[in-house]
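What follows is a short report on a single structure.
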Amino acid sequence: MNYRVDRLGTLLQDTSRRLRGRFEQRTLAYGLSAAQWRLLGHLLRTGPSTQTALASLLGVEPISVSRLIDRMEQQGWVRREPHPEDRRARIVVATAKAREVAPTVRGIAEALYDEALTGLSDDERRVLHAALLKISENLQAADQDPAARSPSVEIVE
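Throughout the sequence shown, residue numbering follows my numbering, covering 9 to 165 in sequence.
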């Protein structure tokens, strides 16, 4: 194989940073950050969610997601409602404004992904998607089961 596994983390991070930056440039008129869109996308796909679940989804502390939701609530993207089963908790719900803008923003994201994947065949795109999904699953499994972590991994910089 002709690739350097020691640069994988850097390559993934650089690619993510560039995608996020371009997405935010293109959605500037809507005032949506990539993190806000990820949260909104989740709510639009799955319905209302607790702040704890959203913090886990985004991989951030609950206080960070609380601040993000505060900003999104001020911008009219989400609202907090009482939890139907737990009087102490609140759920986060996407607003009509979010549902109205979502198809346009989804189109912006899809166009960006097409741009990023230019030059890759459909088969290469499928392989890339499957590989990234597998990497994510492997890391998630290792997070949940410390015994699944490889003790012999050497970090090369």
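Glycine included, C-beta positions come from ideal geometry on N, C-alpha and C.
Query, Result
"Supposed contact pair H91 and T126 - C-beta distance, whole angstroms, cut 8 Å", "About 45 Å; that fails the 8 Å criterion."
"Outcome for T18 when other beta-carbon atoms lying within 10 angstroms are tallied against a minimum of 16", "exposed"
"Pair within 8 Å by beta-carbon distance, P70 and A63", "yes"
"Inter-stretch contact at 8 Å, needing at least 3 Cβ pairs: the segment 114 to 132 / the segment 31 to 50", "yes"
"Close Cβ partners of G115 (< 6 Å) along its chain, the five nearest in sequence each way excluded", "none"
"Residue nearest to T54 in terms of C-alpha spacing, selected from V101, N146, D22", "V101"
"Coarse secondary structure for S57, derived from DSSP in three states", "strand"
"Assigned secondary structure, V86 (DSSP; H/G/I helix, E/B strand, else coil)", "strand"
"Cβ neighbours of A110 in the same chain (closer than 6 Å, five flanking residues each side left out)", "L52"
"Opening and closing residue of the alpha helix (DSSP H) in which A117 lies", "104 to 124"
"Limits of the unbroken alpha helix (DSSP H) element including L128", "Careful: L128 lies outside any alpha helix (DSSP H) and carries neither H nor E."
"Rounded C-alpha distance that separates E81 from R25", "25 Å"
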